[in-house]
Amino acid sequence: MADYTPNEMMTVAAARALRNEDVCFVGIGMPSAAANLARLTHAPDIVLIYESGTLGTKPTVLPLSIGDGELCETALTTVPVPEMFRYWLQGGRITVGFLGGAQIDKFANLNTTVVGAYDKPKVRLPGGGGAPEIATSCGEIFIIMAQSKRAFVPKLDFVTSLGHGEDGQTRARLGVKTKGPTRLMTDLAVFQPEPGSNEMIVASIHPGVTREQVSEATGWPVRFAANVTETLAPTAKELETLRDLHARTRRAHGEAA
């Protein structure tokens with residue numbers, strides 16, 4: 199029996215994808231946990247940027263929102279949001295954008311707008327925020343999402359943030375020069391775009407997970423790389439650091455965490 203949860207495995211796998219030299223645009227929630235785990239373990243020099251304009255932030259607890267005072271108080275500096283988007287993001291100074299979503303398709307396009315018809319949605323989601331700009335302006339995109347047929351759908355109800363487009367080639371046709379989604383980390387596996395088609399295919403499967411489980415949790419006929427590996431299990435240090443981070447966050451924010 200594994201001594202870690204699927205969510206912990208997913209967060210650790212996402213953190214490992216980040217490099218010490220990265221400048222990372224961080225989303226709230228699971229992306230924030232992964233980015234700060236990377237900062238507290240193998241990537242101490244990573245520069246974390248949040249949408250509120252905080253640069254080089256080093257939170258001791260995970261923020262509840264981009265407006266959380268913890269981000270500003272621990273940042274190297276805070277700049278106006280227009281400057282952060284125009285100079286830092288659109289200026290090509292951010293190497294990695296870390297995103298999540300409510301729905302994703304096989305080309306890693308994301309929906310954070312509505313579930314159902316736009317004019318009469320079943321669920322009205324928070325919206326795009328800065329995600330559409332992050333998706334096109336960061337050097338590459340990492341996505342972290344729990345995997346289920348409800349979230350991994352054959353067709354999005356609404357395309358909020360561009361992945362590789364409707365056929366995997368849209369970025370090139372639009373003249374978007376950045377790489378787009380290069381990794382998708384879930385609680386079951388790690389996906390990467392297939393060279394040429396840019397369809398997200400399974401590159402590694404987490405310990406104890408089967409191919410059948412991955413297929414059953416995916417709303418399209420999932421495909422596997424020629425040499426699928428097993429994701430390395432979390433180390434004791436990774437688990438201790440992540441659990442300490444969540445424990446501090448719970449003490450600081452209580453039930454809101």
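Going letter by letter, the sequence shown gives residues 199 to 455 in the numbering used here.
By construction, the Cβ of each residue, glycine as well, lies at the ideal position given by its N, Cα and C atoms.
Note down, in chain order, each residue of its chain lying with its Cβ closer than 7 Å to the Cβ of G417, except the 5 sequence neighbours on either side.
-> Here residue 417 refers to the residue found at position 219 when the sequence shown is read from its first residue. Within the same chain, and ignoring the five residues on either side of G417 in sequence, the residues whose Cβ sits closer than 7 Å to its Cβ are K347, F350, V351 and P352.
L287 to E331, Cα distance in whole Å?
-> Indexing the sequence shown from 1 puts residue 287 at position 89. Indexing the sequence shown from 1 puts residue 331 at position 133. Approximately 8 Å, taken between the alpha carbons.
Keeping to the same chain, check which residues put their C-beta closer than 6 Å to that of E249; ignore five residues upstream and five downstream.
-> Along the sequence shown, read from residue 1 onward, the residue named residue 249 stands at position 51. I264 and G328.
Just curious, the beta strand (DSSP E) that A401 is in, first and last residue?
-> Stepping through the sequence shown from its first residue, residue 401 is reached at position 203. DSSP places A401 in the uninterrupted beta strand (DSSP E) bounded by M398 to I403.
How many Å lie between Q390 and A401 at the Cα?
-> If you number the sequence shown from 1, residue 390 lands on position 192. If you number the sequence shown from 1, residue 401 lands on position 203. Near 6 Å, if we compare the C-alpha coordinates of A401 and Q390.
By the 10 Å Cβ neighbour count, where 16 or more other Cβ atoms means buried, how is A315 classified, buried or exposed?
-> As a working mapping, residue 315 is identified with position 117 in the sequence shown. It is exposed - the Cβ of A315 has fewer than 16 other Cβ atoms within 10 Å.
Between L246 and T255, is the Cβ-Cβ spacing less than 7 Å?
-> Along the sequence shown, one-based indexing puts residue 246 at 48. Along the sequence shown, one-based indexing puts residue 255 at 57. Contact: yes.
Out of V279, G251 and G289, which has the shortest C-alpha to C-alpha gap to E481?
-> The chain is shown from 199 up to 455; residue 481 falls before or after that span and cannot be answered.
Let me know if L437 comes out buried or exposed under the rule of 16 or more other beta-carbons within 10 Å of its beta-carbon.
-> On the sequence shown, position 239 is the one that residue 437 refers to. Classification of L437: buried, given that the 10 Å Cβ count is 16 or more.
DSSP three-state call for K353: helix, strand or coil?
-> Walking along the sequence shown from the start, residue 353 turns up at place 155. The DSSP-derived three-state label of K353 is coil.
Is V412 near L386, with beta carbons less than 7 Å apart?
-> As a working mapping, residue 412 is identified with position 214 in the sequence shown. As a working mapping, residue 386 is identified with position 188 in the sequence shown. Contact annotation: V412 and L386 have beta-carbon atoms nearer than 7 Å.
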